[in-house]
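Participant: Sharing a structure below in structure tokens format, with a few things to ask.
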Amino acid sequence: MSHRVRLLVLAFGGAGLAVMFAMACLRLPHFGGSWHPYGERVVPGALRRGTPNVVSSVNFDQRAFDTLGEELILMASALAAVLILRTVRAEQEESAGRHAYGPAQVFDALRITGYLLLPITFLTGVYVVAHGYLSPGGGFQGGVVLGSAIHLIYLAGDYPALARIRPIPMVESGEALAAGAFVILALGFAGQVTPMNAVVGMEVGCAVVLVLARFFEQALLVKEHA
Amino acid sequence: MAEPMIVATLLLTAFMATAIVLTRDPARQAIVLSGYGLVLGILFLVLQAPDVAMSQAAVGTVVVPLIVILAIHAIRRHHVREPDKDGDGT
Numbered sequence: 690m691s692h693r694v695r696l697l698v699l700a701f702g703g704a705g706l707a708v709m710f711a712m713a714c715l716r717l718p719h720f721g722g723s724w725h726p727y728g729e730r731v732v733p734g735a736l737r738r739g740t741p742n743v744v745s746s747v748n749f750d751q752r753a754f755d756t757l758g759e760e761l762i763l764m765a766s767a768l769a770a771v772l773i774l775r776t777v778r779a780e781q782e783e784s785a786g787r788h789a790y791g792p793a794q795v796f797d798a799l800r801i802t803g804y805l806l807l808p809i810t811f812l813t814g815v816y817v818v819a820h821g822y823l824s825p826g827g828g829f830q831g832g833v834v835l836g837s838a839i840h841l842i843y844l845a846g847d848y849p850a851l852a853r854i855r856p857i858p859m860v861e862s863g864e865a866l867a868a869g870a871f872v873i874l875a876l877g878f879a880g881q882v883t884p885m886n887a888v889v890g891m892e893v894g895c896a897v898v899l900v901l902a903r904f905f906e907q908a909l910l911v912k913e914h915a
Numbered sequence: 383m384a385e386p387m388i389v390a391t392l393l394l395t396a397f398m399a400t401a402i403v404l405t406r407d408p409a410r411q412a413i414v415l416s417g418y419g420l421v422l423g424i425l426f427l428v429l430q431a432p433d434v435a436m437s438q439a440a441v442g443t444v445v446v447p448l449i450v451i452l453a454i455h456a457i458r459r460h461h462v463r464e465p466d467k468d469g470d471g472t
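Have a look at this one:
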């Protein structure tokens, strides 16, 4: 496909998107008004399920299929990052490269803050996942918090410790298992908010760890050059 | 209604977005992006969407800037071989 044809296709798609988006926006309810056609249909259905957090109930019950799509997109992108960035292994062997383990010089204040915040952040993540049915939050939010909390160890200057507490093969299996469990839950048991939150939390947490791990490997690789 | 609050947060969001564009160095830009993510999270909170605000706070202030910084770092490492004036950037 030549450059010109590609531009034409892009322009066609962009124009279509602009027209459809403008038409959709023109029929939106006004900002801050009292007419909520979607909410009036969704909220009673959600409340019938006995889940106080309506957003979670909608995500995992009435729109469980959408959430399933989102989860699979996340898994696919994590998989793609792992595949694309894997070349670092070959680079390492060919050029006799090695890893420089993190910032060697870390301020004591930063080190202490990292170690202190780690358990607190981890607990917050578990809380957000576990209470997703009750209060704002849920599997995705808690999963991201859990997945990024681990990296506070790197902030404290200890990359080997980070590598030890997140063995990549285990994280990969965890990701796959959680995604599989979510497919079963979404197709067979939609509406079970708490187990679905737990599974999504695990899947998202593993995905974040996997993607960041590949980026860390790339960033910390030092090429020996004579 | 909390209209003044919404207007103030929207203005703050626009301010942070402008700040990102005006920051030239990509590494600094990632830090400003983190601040923008936080402000966007506050905007969602003001608009009564705490669930989205939490997602935004987690992804927008931590994960995305971290990936950007790591990517910039990796690119600089690859440029070490070339005779470069600022070394490996550490």
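So the sequence lines, in the order shown, correspond to chains A and B. Residues 690 to 915 in the working numbering are what the first sequence spells out, letter by letter. Residues 383 to 472 in the working numbering are what the second sequence spells out, letter by letter. Glycine residues also receive a C-beta, built at the ideal position from the N, C-alpha and C atoms. Predicted model, so just to flag it, every value in this text is computed and none were measured.
1) Expressed to the nearest angstrom, what Euclidean distance is found between the alpha-carbon atoms of VAL428/B and GLY722/A?
2) Decide yes or no for the touch test of the region 882-893 of chain A against the region 825-832 of chain A: beta carbon pairs closer than 8 Å, at least 3 of them.
3) What in chain A is Cβ-close to SER437/B, meaning under 8 Å?
4) Could you tell me the distance, in whole angstroms, from the CA atom of VAL389/B to the CA atom of THR395/B?
5) Let me check understanding here. Comparing Cα to Cα, which of GLY869/A, HIS725/A and VAL833/A lies closest to GLN481/B?
6) In chain A, which residues lie with their C-beta within 9 Å of the C-beta of PRO432/B?
7) To the nearest whole angstrom, what separates the beta carbons of GLU861/A and ALA896/A, a pair I think is in contact under 8 Å?
8) Kindly indicate which residue of LEU799/A, HIS820/A, HIS725/A and LEU761/A has the alpha-carbon position closest to the one of ALA875/A.
9) Give the single residue among ALA399/B, LEU393/B and PRO386/B whose Cα lies nearest to the Cα of GLY442/B.
10) Closer than 8 Å, Cβ to Cβ, to anything on chain B: give me those residues from the region 877-904 of chain A, in chain order.
11) Can you list, in chain order, the residues of the region 410-432 of chain B whose Cβ is nearer than 7 Å to any Cβ on chain A?
12) Roughly how many angstroms lie between the CA atoms of ILE854/A and TYR848/A, to the nearest whole one?
13) Could you pull out every residue in the same chain whose Cβ sits closer than 6 Å to the Cβ of VAL795/A, ignoring the five residues on either side in sequence?
14) Run down chain B in chain order and give the residues with a C-beta less than 8 Å from the C-beta of VAL817/A.
15) Note down the Cα distance separating ASP433/B from VAL744/A, rounded to an integer number of angstroms.
16) Just to confirm the assignment, what range does the alpha helix (DSSP H) spanning ALA704/A have?
17) Taking all protein chains shown into account, decide if GLU729/A is buried (16 or more other Cβ within 10 angstroms of its Cβ) or exposed.
18) Helix, strand or coil for ALA902/A, going by three-state DSSP, please let me know.
19) Name the chain A residues whose beta carbon is nearer than 9 Å to that of LEU448/B?
20) Output the distance between the C-alpha atoms of LEU841/A and ASP750/A, rounded to the nearest integer angstrom.
21) Please confirm whether GLY751/A has its beta-carbon closer than 9 Å to some beta-carbon of chain B.
Facilitator: The answer reads as follows:
1) 16 Å
2) yes
3) Near SER437/B (Cβ distances below 8 Å), the residues of chain A are PHE829, GLN830 and VAL833.
4) 10 Å
5) Chain B is shown only over 383 to 472; residue 481/B falls outside these bounds and no answer can be derived.
6) VAL744, SER824, PRO825 and GLY826, listed in chain order.
7) The pair is not a contact, with the Cβ atoms about 10 Å apart (cut-off 8 Å).
8) Of the residues LEU799/A, HIS820/A, HIS725/A and LEU761/A, the one whose Cα lies closest to the Cα of ALA875/A is LEU761/A.
9) Out of ALA399/B, LEU393/B and PRO386/B, ALA399/B has the C-alpha closest to the C-alpha of GLY442/B.
10) Under the 8 Å Cβ criterion, the region 877-904 of chain A contributes VAL897, VAL900, LEU901 and PHE904.
11) Among the residues of the region 410-432 of chain B, those with a Cβ less than 7 Å away from any Cβ of chain A are PRO432, in the order of the chain.
12) 10 Å
13) GLY846
14) MET436
15) If I take the Cα positions, the gap works out to 8 Å.
16) 692-715
17) Classification of GLU729/A: exposed, given that the 10 Å Cβ count is below 16.
18) helix
19) Per Cβ cutoff of 9 Å: SER837, HIS840, LEU901 and PHE904.
20) 34 Å
21) Note that residue 751/A corresponds to Gln in the displayed sequence, not to Gly. No, GLN751/A lies away from the interface with chain B (no Cβ there is under 9 Å from its Cβ).
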